[in-house]
Structure formats: C-alpha cells, structure tokens
DNA sequence: AATATATAGTTGCATGATGAAACCAAATTG
DNA sequence: CAATTTGGTTTCATCATGCAACTATATATT
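Protein chains in written order, with this note's numbering: chain A, 4 to 167; chain B, 4 to 167.
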C-alpha cells in the first residue's frame, strides 16, 4: 500500500516540521494537550474525531518523541503528555492562534488571552524580532544559505527574498 | 457532495487558522511565495504538486485574501503575491522552520539563516515573550478567558493550563 | 505573420486518507 | 462480581489527492 508522498525527503525545515505535525487533526490534538487534556476519551469528546484516526495521530506523535504515553500504575489507563520536544511547539501554536485572533476574530472580542503566570500580564503577540530585540516587518527579513544547504538551493540565488 | 467537516465551526483561533492554511501543500506554497515564487509553473516545479491541487489551493488563498492574483498587463500570465494578511503569516512559517531546524536538522548544519536585511544579523529564534520582553518557558504561560468566549469554554475551568 | 512551444489551467479516473459504526478486551465503577 | 466506561481495532463507505490527457491562451521562434 503506497502512501501519499511525505514531505520528509525535502531538505527544508518547514517541510520537515509539516511532515510531523501537518496532518489533519494533529495540531488540534496538541492544542488540547497544551490545555491539559490527557486521555483518549477526552480528545474524542473535545474534538469530535473518529477513534481510529485519533489513535493513529497519537501513536505518530509518540513515535516522533513529541508525546509520552504513560500509565500511572501498571495496567491503568494511559495518559499522554508533552515531552520537551513537544513543548517546543508552543511558538507555532501561539503564532497560529494570534493570526486567527487578528484575521478570523470572534465578534464579541478576543477568545483567549495568554498571560504570564507570575504577573497575569498578557504575553506579546508572536513576532519576528531582530538580534537587538527590535520587531521586524516581513520586508526587513531575508534568507541566506547556511552550511546545510551548500549548493542545493532550489530557488534562484537572487530571489531568496520576495519583493512582495 | 458532502466535504470533510471543516474546523470553521469551532470557536477557536487556532482552528480558524488551520481551516485556511492547514490543508496539505498550502504552507509549502506560502513558503515558496515568501521566497519570491510568483507563477503557477514555478510552484509546480518547486513542489512537484499536481496541477489541479495547486489550482485549488491558490484559488482558496486568493478567496481568503491571503494572495492577490494579478496580471501585469491585460491578458498576460497571472502572478500571485502576498497581501498584508498573507504577510502576517510569517511568524507561523518561521516558528515552524525554527522547530525543524532544532528537531529535524540537516547533518551538515543549519539550512537557512534568516537575517535582518539592514544589518545582516540573524534574527532571534521565535519565542514566547512577556509584556516586559522576557523570554518565557511554556510552563510560565497560561490561557485566560477573553470576552469572546464568555461561558462556552470547552475545558474544565481549572485546567486552562496543563501541568505538563 | 505564421508556426511552435510554454503556460495556466480543467476534466475524468485511480488510489490513498478519513469518517462512521460495529466490535472487543481490559480497566473502572457500583 | 456485574455493569459500565475506556481505549482501542477492524471493516467499509466516502472524501481528498494524484496522475494523465486535454484545451485555450500567451509567449517565443522563424
């Protein structure tokens, strides 16, 4: 049984990431975990997802080292929790949440406000920041070739940046 | 013809975002545009995507106001470019790229380095930042209900944050 | 100007992924 | 210890994607 070609073969960090978390439901499952959901039936209810698909997604995330599947005492119902690798996904989820807040808002106002635990102050909107800590617009950023992509750059060298 | 249920009905900013950019190929198309790709045949070659799917994805992005389809002079081949709404996706793409850099690296080193145009200095890794500008760990952040989600919060009030 | 080729799609069909329902064993509850 | 819930697996129908053939228009060549 041949599967859809994965993005895994592409030598691109974005494609690699998508290969792991880009399938339908996966990011919503992760959102739930960030909100404290731990068990199979909770995901099912929260997401209205088919059991078989949920099982496939959870197993994949465990295989990829993003989730840990653990039973408190031997033989009890398993719980899923984020590994450090999984916690590192938070900027992705928050960037997407902020984009939705701005461009697909709820008419009554912001749905969720993410705050710093300690102070209760809202966090900053996710944005691209220069080395010196200045917020940067898309036009102020370009890509340059690193050691990993010596000569295999797929785009014309002159257009590592769009003129938008 | 019934389609897969979209995530559009969920009152969740992340789900809203996924509904627009969460389908297979969409984020890779957007990546290419950020790198300067403009035309149908360029996407085709760069991504090795089927023409019909590419057409569907591009049309959707245009419909959603993320891309603009324009022909320089009347009747010439169209070009696709990012709107401001589309440019706002940059933090999402960069967050995903940085995660891939860290957790699915190329053995020879970083593939691309994103730098500030003006200075040539690499930008900071995307991260969650407090109001005062301090980098925050996942555990230091929690969600609180905004005006948009008055009473309809789907998770138990006590678990707006996972204990990880 | 006429011809050839590339571009930007569209259409129809085969194949892969997802969804719904039935089923089941082990864990938990009463 | 009986009943129910949980955490799945399996099967089959439906939807999405991939592939190849086809087309009309735009661009390049002679």
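Think of the CB as a built atom: it goes at the ideal place given N, C-alpha and C, for glycine as much as any other residue.
Q: Just mark residue 150 of chain A as buried or exposed, buried being the case when its beta carbon has 16 or more other beta carbons within 10 Å.
A: exposed
Q. Would DSSP call residue 113 of chain A helix, strand or coil?
A. coil
Q. Looking at residue 54 of chain B and residue 65 of chain B, is the spacing between their C-beta atoms short of 8 Å?
A. no
**Q.** residue 7 of chain B burial status per 10 Å Cβ neighbour count (16 or more: buried)
**A.** exposed
Q. Secondary structure at residue 162 of chain A, three-state DSSP: helix, strand or coil?
A. Only weak support exists for where residue 162 of chain A lies, its pLDDT of 43 falling under 50; the coordinates are left without a value.
(Q) Using beta carbons (cut-off 8 Å, strictly below), is residue 149 of chain A in contact with chain B? (A) yes
Q. Leaving out the 5 sequence neighbours to the left and right, which residues in its chain are closer than 7 Å to residue 161 of chain A when beta-carbon positions are compared?
A. Note that residue 161 of chain A scores a pLDDT of 39, beneath 50, so its modelled location is shaky and nothing firm can be said.
Q: Express the C-alpha separation of residue 96 of chain B and residue 107 of chain B in angstroms, rounding to a whole number.
A: 15 Å
Q: Please determine, among B:93, B:68, B:102, B:131, the residue with the shortest C-alpha to C-alpha distance to residue 23 of chain A.
A: B:102
Q. Under the rule that 16 or more other beta-carbon atoms within 10 Å means buried, what is residue 79 of chain A, buried or exposed?
A. exposed
(Q) When you compare the CB of residue 132 of chain A with every CB in chain B, is at least one pair closer than 8 Å? (A) yes
(Q) For the alpha helix (DSSP H) containing residue 20 of chain B, name the first residue and the last one. (A) 16 to 24
**Q.** Three-state class that DSSP yields for residue 147 of chain A in the structure shown
**A.** strand
Q: Report back the beta-carbon spacing between residue 57 of chain B and residue 70 of chain B to the nearest angstrom; my notes put them in contact at under 8 Å.
A: Contact doesn't hold; Cβ gap of about 12 Å is too wide.
Q. With 16 as the cutoff for other CB atoms within 10 Å, does residue 119 of chain B come out buried or exposed?
A. buried
Q: Could you work out which residues of chain B lie near residue 104 of chain A, taking near to mean beta carbons separated by less than 7 Å?
A: 16
Q | Start and end residues, alpha helix (DSSP H) containing residue 108 of chain B | A | Counting along the chain, residue 108 of chain B falls outside any alpha helix (DSSP H), and DSSP gives it neither H nor E.
Q) Can you tell which of A:129, A:10, A:100 has the C-alpha that lies nearest to the C-alpha of residue 49 of chain B? A) A:10
(Q) Looking at chain B, is there any beta carbon in it that lies within less than 8 Å of the beta carbon of residue 138 of chain A? (A) no
Q) When the distance is taken between beta carbons, is residue 115 of chain A closer than 8 Å to residue 146 of chain B? A) yes
Q: Please go through the same chain and pick out, in chain order, the residues whose beta-carbon is closer than 7 Å to the beta-carbon of residue 132 of chain A, but skip the five residues on each side of it.
A: 138, 139
Q. Just to confirm, are residue 94 of chain A and residue 93 of chain B a CB contact at a threshold of 8 Å?
A. no
Q: Tell me residue 97 of chain A's beta-bridge partners as DSSP assigns them.
A: Paired residue(s): none; residue 97 of chain A is not in a bridge.
Q. Three-state secondary structure (DSSP) at residue 169 of chain A?
A. With chain A covering only 4 through 167, there is no way to say anything about residue 169 of chain A.
Q: State buried or exposed for residue 34 of chain B, treating a residue as buried only when at least 16 other CB atoms are found within 10 Å of its CB.
A: buried
Q: Under 7 Å between beta-carbons, which chain B residues line up against residue 81 of chain A? List them in chain order, please.
A: In chain order: nothing, as chain B lies at least about 16 Å away.
(Q) Determine, for residue 98 of chain A, whether the minimum Cβ-Cβ distance to residues of chain B falls below 8 Å. (A) yes
Q.
With distance defined between alpha-carbon atoms, name the residue in B:91, B:113, B:43 nearest to residue 68 of chain B.
A. B:91
Q | Beta-bridge partners of residue 118 of chain A, as assigned by DSSP | A | A:125, B:145
(Q) Closer than 9 Å between beta carbons: that is the criterion. Which residues of the segment 113 to 132 of chain B meet it against chain A? (A) 113, 114, 115, 116, 117, 118, 119, 120, 121, 122, 123, 124, 125, 126, 127, 128, 129, 130, 131, 132
Q) Taking DSSP as the reference, what is the three-state secondary structure of residue 65 of chain A? A) helix
**Q.** For residue 127 of chain A and residue 143 of chain B, believed in contact at Cβ under 8 Å, the rounded distance
**A.** Actually they are not in contact, since the Cβ atoms of residue 143 of chain B and residue 127 of chain A sit about 13 Å apart, beyond 8 Å.
Q. Which residues in chain B sit within 9 Å of residue 65 of chain A, going by Cβ to Cβ distance?
A. Within 9 Å Cβ-Cβ: nothing; residue 65 of chain A doesn't reach chain B, min ~15 Å.
Q. Grouping DSSP H, G and I as helix and E and B as strand, with all else coil, what is residue 2 of chain A?
A. Beyond the ends of chain A as shown, which are 4 and 167, falls residue 2 of chain A; an answer cannot be given.
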